[in-house]
Structures are given as C-alpha cells and as structure tokens.
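Structure first, commentary second.
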Amino acid sequence: SIVCAVLVVVLAVKIGRSIAESRRQGAARDLNDARAAFLNATESVDVESRDLALDAAIESSSKIAEQFGASKTGLEALYLKGNSQFLKQSFDEAVKTFETFIDQAKSDDDKAKGRLALGYTYENRFFAEPENEQWAEKAAAAYESAQKLGTRSDGELTFQACEAIMSLARLH
C-alpha cells in the first residue's frame, strides 16, 4: 500500500508538471501573438489598421497578465498592454496599467522600467495638452523615481537611470 501511495504521488507530480509546462507554452505562444500584433501596429500606415492591431495586442496581453499575475510572463504582458495603450494614445489607461506594473514588479530594474514608461506617458499627455503643466510635473517625478531606482548602490547607472536623466533634460 505504501508503494501504491508513492506511485500515486509520483504520477500526480508528473501530471502537475506536464500541465504547468503546457500552460507556460500556451502563454509564451499567446504573448508572442500579442507582440506580433503590437509590431504590426507600429508598422501600420493607417490609423484604423494600427488601432485594430493595438486592440488585439491589448486584448491578448490583458488575458495573459490576468492569468499569470506578477510572474515574469504576467509582467511582460502587462508592460506590453501599457505600451499598446500608450501607442493608441489611451493615456489614462496606460497610466493605470503602468502603475499596476510598478506595483507588481519585484526588482528595482523593472520598477524603473515602469517609471520610465509612466514618465513617457505623462510627457506625451503634456505634449497633447501643453497648457496643463501637471503632466510635465508628473513626468518629471516619474523620471526622477526611475533615475533613483536605476542607480546602483555603488553609483553605477543602469540603462533606465541614463534614459531617465535624458528624459529629464528633455523636459527642462
């Protein structure tokens, strides 16, 4: 009876691993499809085709982000969703998505990446509404946060920190 119990446990573990691997492969395929839709949008010459491709990228990446949460796959999907919303100029939605990305990110590099994206979103919102200074102020705050998160304890600057410094210079 102990042998049967061990066999049941071993089989359950193998089945569980197989299901998890199948799920990961499906997510990778879905994420690649969402990336392809995003790339199609960047290459579209007309707004209607671009928006259709972005809608597809947003829909696919939303499902993946919801399914995989704060995992690496979930965060990649969330970031892609925010970029798709940004490119579509749905700035309010992009801000919410990037804030969620930042909240779920575990590493300072990912948090800095999210802060940069948030800064770009606010900055582009400011370009669309130059009379509204709050967007420039929010962009600057996001870039300053990205710079801080992207500066290592030894003073070394990551790509995100350098990009944040250039973005701050552009704003001023």
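Letter by letter, the sequence shown follows residues 1 to 172 of this note's numbering.
Every residue gets a Cβ at the ideal spot worked out from N, C-alpha and C, and that includes glycine.
- The distance from the Cβ of glutamate 76 to that of leucine 31 is about 6 Å, consistent with a contact at the 8 Å cut-off.
- In the three-state reduction of the DSSP assignment, threonine 42 falls in the helix class, which pools H, G and I.
- One thing to note: serine 61 has its Cβ within 8 Å of the Cβ of leucine 80.
- Here tyrosine 122 has Trp135, Lys138, Ala139, Ala142 as same chain residues with Cβ atoms under 7 Å from its own Cβ, once five neighbours each way along the sequence are excluded.
- Shortest Cα-Cα distance from glutamine 104 to any of Leu78, Gly155, Phe91 involves Leu78.
- DSSP places glutamine 147 inside the alpha helix (DSSP H), whose first and last residues are 133-149.
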